[in-house]
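Numbering (the working numbering), first residue to last: 160 to 323.
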């Protein structure tokens, strides 16, 4: 595909984020399964449900483009998921592993916040009102997930430090 217009770039980035969200739907259950902190486990499980809805919203956002809702492999998310999976395979103390799960999850959230920020700006510039509304809602959820992870990290990091 040629990226001649901002509409082309928007469509390509939407394809990328659709792939990213679908990858997360597959990766989050394993993160939740490996979390030992009850609140962290619940947060990841809740975010999985949000992510499933986000996939639907991204698919709906394609309607403003007049093009088909198709995913294009998001290599960045592929790398972030691979990093998290690698960390989950390591042995270690449970609180430390939970701290690592939070670190991996926040890397994902920050990537998504950056992506949705760009998409929201472009949707506004292109006059894609429905897409802008859907994408802004998702960005707010990603920001909320990041804030919750930061809050959870205070106790989990403290627990991990206590094991030193």
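All residues carry an ideal CB built from backbone N, CA and C; glycine is no exception.
Cβ distance (whole Å) where residue i is taken to contact residue j below 8 angstroms
i           : j           : result
residue 315 : residue 257 : 5 angstroms
Helix, strand or coil at residue i [DSSP, three-state]
i           : result
residue 238 : helix
residue 193 : helix
residue 325 : Residue 325 cannot be examined here, being either before or after the span of the chain that is shown, 160 to 323.
residue 270 : helix
residue 231 : coil
residue 317 : helix
Separation of residue j from residue i, as counted between CA atoms
i           : j           : result
residue 279 : residue 245 : 32 angstroms
residue 220 : residue 293 : 7 angstroms
residue 273 : residue 291 : 15 angstroms
Residues of its chain near residue i, where Cβ-Cβ distance is below 6 angstroms and the 5 sequence neighbours each way are ignored
i           : result
residue 300 : 209
Beta-carbon gap between residue i and residue j smaller than 8 angstroms
i           : j           : result
residue 180 : residue 217 : yes
residue 163 : residue 311 : no
residue 285 : residue 205 : no
residue 200 : residue 252 : no
Beta-carbon contacts of residue i that lie in its chain and below 8 angstroms, excluding the five residues immediately before and after
i           : result
residue 190 : 203, 243, 247, 260, 263 and 264
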